[in-house]
Amino acid sequence: MSGEKTFEYGGYHFTPVRPFRKDEGDFFAISKRIETDPQLGFSAYPEHRKFQYGYEAFYKAATDKTCDIFRCEENGQIYVPGTNELFIYHEPTQKKRASIKTALSQRAISQNKSSKRNNHRQAER
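When the letters of the sequence shown are read in order and numbered with the numbering used here, they come out as residues 2 to 126.
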């Protein structure tokens with residue numbers, strides 16, 4: 002993320018972060034992790050617009066045309082360019098780590114209960 006790659010669009014500065022990874026899922030999965038940013042207001046829709054956003058114009062200004070995820074230097078948010086607006090993007094990693102940790106914890110509890118039941122049954126015999 003060098004300063005050379007940072008570009009200006011609509012009065013804000015964006016730095017390319019990376020393209021989407023395969024483990025982030027398909028369009029449907031990714032679409033669950035985006036949201037409108039009324040504060041930034043980069044939209045083609047007049048009711049949400051603070052700046053006239055255009056997908057092609059955004060990528061024309063971008064220094065990395067293959068990138069899907071960009072960081073706004075002014076507010077630190079991560080964004081994904083959509084056809085009609087610039088969306089906030091929520092990285093899946095933290096949620097995934099929490100869910101893996103929870104799943105492993107629940108598995109350990111389940112195995113522990115099962116082990117206690119088996120020990121209890123053997124003691125009854």
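For every residue, glycine included, the Cβ atom is placed at its ideal position computed from N, Cα and C.
Model, not experiment: these values are computed from the prediction.
- When DSSP assignments are scanned along the stretch 12–39, the uninterrupted stretches of beta strand (DSSP E) that are 3 or more residues long and fall wholly within it turn out to be 13–19.
- Put simply, the backbone Cα of H49 is about 25 Å away from that of T7.
- For the pair E86 and S44, the CB atoms are nearer than the 7 Å cut-off.
- DSSP, reduced to helix, strand and coil, places P82 within a strand of the structure shown.
- Membership of Y56 in the alpha helix (DSSP H) is indicated by the continuous run 56–62.
- Note that the C-beta distance between I70 and Q78 is not below 7 Å.
- DSSP places E75 in the coil class of the three-state scheme, outside both helix and strand.
- Going by DSSP, Y90 is part of the beta strand (DSSP E) stretching over 87–90.
- Measuring C-alpha to C-alpha distances from Q53 to each of Y60, G42, A62, A63 identifies G42 as the nearest.
- Around the beta-carbon of Y46, fewer than 16 other beta-carbon atoms lie within 10 Å, marking it exposed.
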